[in-house]
Each structure stands twice: as structure tokens, then as C-alpha cells.
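Participant:
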Amino acid sequence: MDANEYALPIAKLRFLPVLALALAFRPVPAHAADCASASDQATMNACAAQAYKQADAALNGLYQQAEQRLKNDSEQMKRLVAAERTWIAFRDAECKFVGAPASGGSADGTVLATCLTALTTKRSADLKGFLSCPEGDLACPLPPE
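Those letters in the sequence shown? Residues -32 to -1, 1 to 113, by mature numbering (1 follows the signal peptide of the UniProt record, and there is no 0).
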């Protein structure tokens, strides 16, 4: 056999370490981990990450509803976008501050995700409130449906 016969198989083998790493660090689905009785840090981290993912998805849905309400008001839409960007910067800085004592430790993921979930859930409650203001409420930043 000459060297060219081995070229393709060897090239394919170069991707094995990348594939192994991707599989090793893939997210654990919520159903795969029993979060209520999680007793090891890896499971707690996965459960906290899943909770944040769900909270973030809920917030994104509410944000899209708010955008829909503002589709005919470009100035207020700009304000919403600016407020959301500022809120994201606050959320990230706040959770970095809150999580500093656990930074680099095994609980780092849980502490960070728990903070992100709490603040995201609060922001969702704020947007839900804006989406359900009574008609005529001058303090409401979104028009009625």
C-alpha cells in the first residue's frame, strides 16, 4: 500500500477527538436528569442550565409579543430594544457579581444558572405585566392588544 491509500482514513481520524469532546460536553436533557433528587454537582449544573434555558425561552416568547404590539410604533420599539439590551447587560453583570464566590468551582454553573433564571423570570413577569395593562393605563409602555 502506498501513502495515498491511508490519506483518507487518517484524515477522518482527525475528527474523532472533536467528536468525542462534542459528545462528552453535550447538554443533558431535562428528562435525563432527575432534578428533584439531584445529588451530584454535574446533575445539579445540568438541571440549573435546563431551568435557565426554559426561563429564557419563555422570556423570548414574551419579548416577541411585545415587539408585535409595537410593530406600528418605531420609536417605542427602539426604546424596547434599548431597554432589553441594557437589561441583558445588567443581568449578566449582576450574575457575574453574585456568582463570583463560586467562580471556578464545581458549583459555578449552578450558581450562575440559578441567578440567570431568577432574573430572567423576574423580567418575564415585568413583560407579562406590560402585555396585560388595562386599556387607558398611561404608565403602560405597550399598547393594548
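C-beta: ideal position from N, C-alpha, C; glycine also.
1. So, with DSSP's three-state summary, where would you put Asn40?
2. Should Asp24 be counted as a contact of the ligand COA given a C-beta to heavy atom distance under 7 Å?
3. Kindly indicate which three-state DSSP category Gly67 falls into: helix, strand or coil?
4. So does the stretch 98 to 108 actually touch the stretch 69 to 77, counting three or more Cβ pairs closer than 8 Å?
5. Which residue from Gln36, Met12 and Gly77 puts its Cα closest to that of Ala111?
6. If I follow the unbroken alpha helix (DSSP H) through Asp94, where does it start and stop?
7. Distance, Cα to Cα, Lys64 vs Thr88?
8. Rounded C-beta distance between Lys96 and Leu30? I'm assuming under 8 Å.
9. When you compare the CB of Cys15 with every CB in chain B, is at least one pair closer than 8 Å?
10. Can you tell me which of the three DSSP states Leu110 falls into?
11. Quick one: grab the DSSP three-state call for Asp8.
12. Just the C-alpha distance for Cys83 and Ala19, rounded to the nearest angstrom, thanks.
13. Just verifying my parser: in three-state terms, what is the DSSP assignment at Gly29?
14. Note down the Cα distance separating Lys39 from Ala50, rounded to an integer number of angstroms.
15. Going by the CB atoms, is the gap between Thr78 and Ala23 shorter than 8 Å?
Facilitator: So, to answer that:
1. coil
2. With respect to the ligand COA, the structure offers nothing, as it holds no ligand at all.
3. helix
4. no
5. It is Pro, not Ala, that sits at residue 111 in the sequence shown. Checking every option, the nearest Cα to that of Pro111 belongs to Gln36.
6. Asp76 to Leu99
7. 14 Å
8. 6 Å
9. No chain B is part of this structure, which consists of one protein chain only.
10. coil
11. coil
12. 11 Å
13. helix
14. 15 Å
15. no
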